[in-house]
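Worksheet: the structure to be examined is printed underneath.
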Amino acid sequence: MQNNNSDAKKGVARAKFFYSLAATFLGIPLTLVRDFHYKPRLVKEETFIMMSNHADNYDPVYSVLLTGRHMRFVMSDHLTRKRFFRFLFSFLASPIVYKREKGSDVLYDEIVKNCQAGVSIGIYVEGGKSDNGETGFISRRNAQLVRDCGCALVTCRLKGGYLKAPRWADNKRKGPVFGEIVNIYTKAELDIMSLEDIYNSIASDIYVNAYEEQRKNPHRYVADNPAQSAEIILYVCPACEQIGTLSTSGNKIRCDCGFSAETDDYGFWHSDAMPFDDIVRWDKHQKAVMKKLTETVRGTDCFLFGDDEQVIYALKNGNRQLLGENGKIRLYGDSFEMLYKNERLSIPVGKIRRVSAASKMNLLIVTDKEYYEIHSRRVRSAVKYRVAIRYLQGKEN
383 MQNNNSDAKK
393 GVARAKFFYS
403 LAATFLGIPL
413 TLVRDFHYKP
423 RLVKEETFIM
433 MSNHADNYDP
443 VYSVLLTGRH
453 MRFVMSDHLT
463 RKRFFRFLFS
473 FLASPIVYKR
483 EKGSDVLYDE
493 IVKNCQAGVS
503 IGIYVEGGKS
513 DNGETGFISR
523 RNAQLVRDCG
533 CALVTCRLKG
543 GYLKAPRWAD
553 NKRKGPVFGE
563 IVNIYTKAEL
573 DIMSLEDIYN
583 SIASDIYVNA
593 YEEQRKNPHR
603 YVADNPAQSA
613 EIILYVCPAC
623 EQIGTLSTSG
633 NKIRCDCGFS
643 AETDDYGFWH
653 SDAMPFDDIV
663 RWDKHQKAVM
673 KKLTETVRGT
683 DCFLFGDDEQ
693 VIYALKNGNR
703 QLLGENGKIR
713 LYGDSFEMLY
723 KNERLSIPVG
733 KIRRVSAASK
743 MNLLIVTDKE
753 YYEIHSRRVR
763 SAVKYRVAIR
773 YLQGKEN
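As numbered in our numbering, residues 383 to 779 make up the sequence shown, in order.
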């Protein structure tokens with residue numbers, strides 16, 4: 383146990399020093415630059431696990447300002463691909479890197495080991511920034527994680543981050559971000575709560591729908607070309623229901639069928655051709671369209687959609703190997719296909735263990751043996767592949 387404690391605490395003292403330095407000299411300037419509004423609430427518990435929603439790259443900074451405490455954040459492996467950033471993050475923050483090829487069990491054990499060694503953890507339990515402005519899926523396993531960590535639980539709610547910096551957008555917006563600590567559950571309180579109670583508390587405490595918040599308390603989020611690249615998340619036309627036919631420029635989104643909509647400074651979308659005005663409801667509509675489509679082709683070799691001009695990498699032990707700079711990807715009812723150089727690699731849908739979208743539009747495909755990262759030379763949606771593959775596998779989104 384002593385060796386485990388020593389491993390978990392490696393780099394923590396250095397990270398605490400840099401956190402303290404940054405809080406002293408950068409805390410106030412950052413809150414002004416980011417227009418961040420919050421009421422700090424000092425977390426007195428010696429060790430805790432912080433869980434929050436996630437919409438903005440600055441969320442870890444906001445979480446530290448809210449709690450006034452150091453914590454090791456769980457970070458996605460795609461953020462550490464480049465050696466310089468891997469060194470920088472490791473030296474300054476000593477994060478826990480989630481390596482997808484090793485699976486979630488390894489990450490789970492690493493978090494528990496740190497908490498049991500007295501190192502507090504920060505985790506954004508959706509697994510990534512929100513695509514549509516609403517808090518996403520939260521695994522019930524997080525309740526068991528809290529129980530196994532044997533420490534306090536801090537829940538945070540961050541608002542405004544999605545509209546200030548949409549995951550899909552080319553340009554950031556001018557506008558406010560708000561943060562609050564919703565609850566601090568002591569270990570004693572958690573010990574008498576059921577796993578269902580812990581899960582419901584997490585899900586309720588961190589839930590945010592950016593558009594419902596805007597309806598209640600509107601704020602302007604101003605940017606040049608505010609619709610630019612929205613087709614990264616909006617992949618189904620609400621008029622003709624075709625996939626991948628939308629394009630954007632300025633404050634407008636258009637389809638080949640003649641459909642068009644425009645967005646305003648409050649993040650809402652306006653068109654007489656659709657019955658909704660926000661991305662949350664648009665996303666639910668397009669998922670319904672995708673689910674219906676995949677149910678008709680599941681298990682067949684019918685073509686769904688694809689994209690050209692793809693940069694395809696294979697990853698092993700965190701290192702990338704370029705397979706093709708001008709590749710193609712195709713999704714069928716029974717397989718996902720990559721074409722590069724003179725190679726054609728087909729992966730049965732059932733063999734895909736994890737599919738996700740990283741950064742703005744990088745597609746990550748993980749099987750039991752392989753890990754692929756697919757970038758694009760042109761604007762295209764990675765989310766549509768994640769949603770379709772999960773439906774083809776009989777899963778929900």
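For glycine and all other residues, C-beta sits at the position ideal for the given N, C-alpha and C.
Next on the checklist: Just to confirm, is the Cβ distance from C538 to E508 under 8 Å?
Outcome noted: Numbered from its first residue, the sequence shown carries residue 538 at position 156. Numbered from its first residue, the sequence shown carries residue 508 at position 126. No.
Item to check | Which of helix, strand or coil DSSP assigns to P477 | outcome: Numbered from its first residue, the sequence shown carries residue 477 at position 95. Here P477 sits in coil by DSSP.
Item to check | Proximal residues to V671 (C-beta, below 7 Å), its chain only, five neighbours per side dropped | outcome: The residue given as residue 671 occupies position 289 in the sequence shown. Hits under 7 Å: V618, E623.
Checklist entry - Between M656, K484, P600, K634, which lies nearest to A621 when the distance is taken from Cα to Cα? => result Position 239 of the sequence shown, counted from the first residue, corresponds to residue 621. Per the Cα distances, M656.
Item to check | Identity of the residue in E571, L545, V564, F560 nearest C533 by Cα | outcome: Residue numbering aside, residue 533 sits at position 151 when the sequence shown is read from its first letter. Closest by alpha carbon: E571.
Next on the checklist: With DSSP as the reference, identify every bridge partner of N744, one or two as the case may be.
Outcome noted: The residue given as residue 744 occupies position 362 in the sequence shown. Paired residue(s): A740.
Next on the checklist: When you compare the CB positions of D647 and R602, do they come within less than 8 Å of one another, or not?
Outcome noted: Residue mapping note: residue 647 aligns to position 265 of the sequence shown, counting from 1. Residue mapping note: residue 602 aligns to position 220 of the sequence shown, counting from 1. In this structure, R602 lies closer than 8 Å to D647 by Cβ.
Next on the checklist: Output needed for K723: all residues of its chain with C-beta closer than 6 Å, excluding positions within five of it in sequence on either side, in chain order.
Outcome noted: Numbered from 1 along the sequence shown, position 341 holds the residue referred to as residue 723. Cβ within range, chain order: G706.
Checklist entry - Hey, how far is the Cα of P600 from the Cα of N744? => result Start at 1 with the first residue of the sequence shown, and residue 600 comes out as number 218. Start at 1 with the first residue of the sequence shown, and residue 744 comes out as number 362. Those two C-alpha atoms are separated by around 32 Å.
Checklist entry - Can you check whether the CB of S502 is closer than 8 Å to the CB of T406? => result For the purposes of this step, residue 406 is taken as residue 24 along the sequence shown, with counting starting at 1. For the purposes of this step, residue 502 is taken as residue 120 along the sequence shown, with counting starting at 1. No, the pair does not count as a contact, with Cβ atoms beyond the cut-off.
Next on the checklist: At the level of alpha carbons, what is the spacing between L727 and I747?
Outcome noted: Along the sequence shown, read from residue 1 onward, the residue named residue 727 stands at position 345. Along the sequence shown, read from residue 1 onward, the residue named residue 747 stands at position 365. When rounded, the distance between both Cα atoms is 13 Å.
Item to check | 8 Å contact criterion, which K584 and I520 should meet: CB distance rounded | outcome: Against the sequence shown, residue 584 aligns to sequence position 202. Against the sequence shown, residue 520 aligns to sequence position 138. Residue identity differs from the one stated: residue 584 is Ile in this sequence, not Lys. At roughly 6 Å, the Cβ-Cβ gap stays under 8 Å, so I584 and I520 are in contact.
Checklist entry - Opposite V604 in the DSSP bridges: which residues? => result As a working mapping, residue 604 is identified with position 222 in the sequence shown. DSSP lists K556 as partners of V604.
Item to check | Per DSSP, cross-strand counterpart(s) of R760 | outcome: The count along the sequence shown starts at 1 and reaches residue 760 at position 378. According to DSSP, which records beta bridges pairwise, R760 is partnered with nothing at all.
Item to check | Buried versus exposed call for A452 [16 or more other C-beta atoms within 10 Å across all chains shown] | outcome: For this step, residue 452 is matched to residue 70 along the sequence shown. Just to set this straight, residue 452 is His in the shown sequence, not Ala. Counting Cβ neighbours within 10 Å, H452 comes out buried, since at least 16 surround it.
Item to check | Residues bridged to K698 (per DSSP) | outcome: Translated into the one-based positions of the sequence shown, residue 698 becomes position 316. N701.
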